[in-house]
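Residue 67 is where the sequence shown starts when you use the numbering used here, and the numbers rise one by one after that. Heads up, the beta-carbon is just placed ideally off N, CA and C, and yes, glycines get one too. What you are looking at is a predicted structure, and each value in this text was computed from that prediction instead of being measured. What follows is a single structure, written as structure tokens, with notes after it.
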Amino acid sequence: MIRIGDVLVSKGEGGVYSERMLDGYRVWDPYRSKLAALYLLGKGIELVPGMKVLYLGAANGTTVSHVADYTEVVYAVEFAPRPMQDLLEVARRRKNVMPILADASCPEQYAMLVEAVDLLYQDVAQPDQAAIALRNCIFLKKGGHLVLMLKTRSVDIRKEPAEVFRDTLDILISAGLTIVESTWLAPYHQDHAAIICEK
67 MIRIGDVLVS
77 KGEGGVYSER
87 MLDGYRVWDP
97 YRSKLAALYL
107 LGKGIELVPG
117 MKVLYLGAAN
127 GTTVSHVADY
137 TEVVYAVEFA
147 PRPMQDLLEV
157 ARRRKNVMPI
167 LADASCPEQY
177 AMLVEAVDLL
187 YQDVAQPDQA
197 AIALRNCIFL
207 KKGGHLVLML
217 KTRSVDIRKE
227 PAEVFRDTLD
237 ILISAGLTIV
247 ESTWLAPYHQ
257 DHAAIICEK
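Here it is, written out as structure tokens:
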């Protein structure tokens, strides 16, 4: 990952979300991107050229655009038509972004479009976040990594975030994944945690 001083950046065309530029690099804002927050608070997964990524919950393409600056291809799955319009603009300017309008809980909808990937990144606000991640692990190469951005309040508003976090870890471990890192994302994102697993 590229840093200028303590600032996380990526090398690519700016103007995706009015991000600042620094010495010709795009500043990766941790308040706008949970992945950027992870890199500042934990270790994260090194993004490298040649890496293939399946990104679930691509939204407007803010984080997708930074991931694409580092990697070979990003298969960006988004369900909502409105953010897909912005994502299509990101894909127009970054030829290695493949936008897919589909439901991440139904990987069979896009199985014919996605190859085996090195990184599965999930950022969806659904109650069954862990189950969605596991269903999409069919695309993940052995030795590849899952980064699950856990939105605890979307899983169960009645439970404490720490309890949802522990339950999610248990689900992932029971499915045979190895937990590599788990990090809360405060102060950038409240009640959110990043969980990194290896297949």
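Range covered by the alpha helix (DSSP H) that runs through residue i
i      : result
LYS100 : 100-107
THR218 : 218-221
Nearest neighbour of residue i, chosen from the options [CA to CA]
i      : options                           : result
PHE205 : PRO96, ASP89, LEU120 and GLY90    : LEU120
VAL180 : TYR105, ALA252, VAL139 and VAL190 : VAL139
ILE198 : LYS208, LEU212 and LYS207         : LEU212
LYS33  : VAL73, ILE68 and TYR187           : This structure gives no information on residue 33, because the portion of the chain shown stretches from 67 to 265.
PRO165 : GLU174, CYS172, SER171 and GLU155 : GLU155
ARG160 : HIS132, ILE68, ALA168 and ASP72   : HIS132
ASP222 : ASP72, ILE245, GLY108 and ALA191  : ALA191
ARG232 : ALA260, PRO115 and TYR97          : ALA260
Coarse secondary structure for residue i, derived from DSSP in three states
i      : result
HIS132 : helix
SER84  : coil
CYS263 : strand
THR234 : helix
ARG148 : helix
PRO115 : coil
GLU79  : coil
LEU154 : helix
GLU226 : coil
LEU200 : helix
Burial state of residue i, where buried means 16 or more other Cβ atoms lie within 10 Å
i      : result
ALA124 : buried
SER76  : buried
ARG92  : buried
LEU243 : buried
ASP135 : buried
ILE111 : buried
ASP189 : buried
Start-to-end residues for the beta strand (DSSP E) that takes in residue i
i      : result
LEU185 : 183-188
ARG69  : 68-70
Cβ-based neighbour list, residue i, same chain, cut-off 7 angstroms, excluding 5 preceding and 5 following
i      : result
ASP257 : THR218, ARG219 and PRO227
MET150 : GLU144, PRO165 and LEU167
Cutoff 8 angstroms; reference residue i; Cβ partners in own chain excluding five residues on either side
i      : result
ASN162 : ALA134, THR137, GLU138, VAL139 and VAL140
ALA157 : GLY127, ALA142, VAL163, MET164 and PRO165
GLU247 : GLY108, LYS109, GLY110, ALA260, ILE261 and ILE262
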